[in-house]
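Encoded as structure tokens, the structure appears first; notes follow it.
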């Protein structure tokens, strides 16, 4: 499709078409396995740019996609209009109401830093490098979640541009159906330009990680299965089997190693945290143990997620319980004795506040699950078939119905819709038809093909 230079959208931010200098950098995603090729890209500087871009796309019958950081990129944008929001990075914190506001392209690191100045913390995910909006719209299951629930549970209001190009502010009292759907339904209903959410009085926590040798993976995983059953909601944990790269920035014992990595975040005293952690410290000898009391600004030390862009392909399922048979299956498929292209296999403890309906209900899926089982492999095209085949085998366990949107990967619309029970699924589709009757927003984790 050829777009005349005189027919491009008029915005304060830059506009690119294929062949322009800066086009490739503008469409680049953190997940470098995804290569976007839109007909037009608008680098939005504010909500009015987003609205103008969506209205322009409407006059040309174009689909519209959005990208902030590209951490959640699961399938490429081909054709149409891509709105990038990386220039929209404003963040503000109100310590009196314990709320924060974040623009479309803001990252959690900005919110963590701004909130920490007041002894407050947000419900960010495992990496503060990730964008606030996309993470939250997918639910958001982070290191404080067993105590406080999903990030989406604490959203107060949302500013969103819908398919008609209108800029709306929605909350529990204004367009409540749309407010319900966006919190959990991801980007299917429009482009969120700003979000307001609650903060919590958390200045520090007892946490970090323990890396165990891969040769002790069985002992660690079986000990974890027994241990988590009795943990209080103040303790959020996960355990991952990692195939670490031979990078100089890693400590020598971890460089190029296969390890079992226990992640811990406890909202209690260090003394109580030490006592709770003791059974896992006794499960196997540690290569590296850095669990300690730390300020919330050091929350990235829990999961130690990579910061630099990489190619990835991921998918997960939900579990009602973590049985010995499931642990044995995980070890059989992805343990240290097999050579499979999975960079990480994670078992995450859910339950607690994750399972409770918030004061203002939303469309977040996956409530009621006790655990998630999640895998990440390299997203290289030549490896995709084998990554998918191994992931299929890994996830062939006794699962719960439903799923977490942020852990659903590149699933097709019919598979994504299976994340919800029938009533919620029907409600989501009804709201989608009402606000986006021509399916303008059909990229990413689309509910309608």
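Numbering (full-length UniProt numbering), first residue to last: 1 to 449. For each residue, glycine too, the CB sits at the ideal point set by N, CA and C.
Residue 31 sits away from residue 68, with the two beta carbons spaced by 8 Å or more. Scanning its chain for C-beta atoms nearer than 7 Å, with the 5 sequence neighbours on each side dropped, one finds around residue 253 the residues 287 and 288, in chain order. Residue range 371-378 is occupied by the beta strand (DSSP E) that includes residue 371.
When secondary structure is reduced to three states using DSSP, residue 129 falls in the coil class, being assigned neither helix nor strand. In this structure, the alpha-carbon of residue 394 lies about 38 Å from that of residue 120. Measuring C-alpha to C-alpha distances from residue 165 to each of 390, 57, 10 and 153 identifies 57 as the nearest. Between residue 345 and residue 364 the beta-carbon gap is near 24 Å, outside 8 Å, which marks them as no contact. Residue 109 carries a helical assignment under DSSP once its states are collapsed to helix, strand and coil. DSSP places residue 158 in the strand class (E or B) of the three-state scheme. In the DSSP assignment, residue 251 is bridged to no other residue. If you ignore the 5 residues before and after residue 243, its C-beta comes within less than 6 Å of the C-beta of 258 and 343, all in its own chain and listed in chain order.
Within the DSSP bridge table, the entry for residue 293 names 206 as partners. Residue pairing for residue 121: DSSP places it in a beta bridge opposite 200. In summary, residue 229 is exposed, with fewer than 16 beta-carbon neighbours lying within 10 Å of its beta-carbon over all protein chains present. Ranked by Cα distance from residue 173, the options 157, 181 and 245 are led by 157. Listed in chain order, the non-local C-beta contacts of residue 135 below 6 Å within the same chain comprise 125, local neighbours out to five positions each way being set aside. It is roughly 31 Å from the alpha-carbon of residue 159 to the alpha-carbon of residue 311. Per DSSP, residue 69 is not a residue of any alpha helix (DSSP H), being assigned neither H nor E.
In this model, residue 38 and residue 48 are separated by some 21 Å (Cα to Cα). When beta bridges are read from the DSSP output, residue 312 appears opposite 378.
For residue 171, the enclosing beta strand (DSSP E) stretches over residues 167-171. Annotation: residue 269 to residue 115 spans about 21 Å, alpha carbon to alpha carbon. When beta bridges are read from the DSSP output, residue 92 appears opposite 101. Taking a 10 Å sphere around the C-beta of residue 20, we find fewer than 16 other C-beta atoms and assign the residue as exposed. For the set 264, 194, 421 and 237, the Cα lying nearest the Cα of residue 208 is the one of 264.
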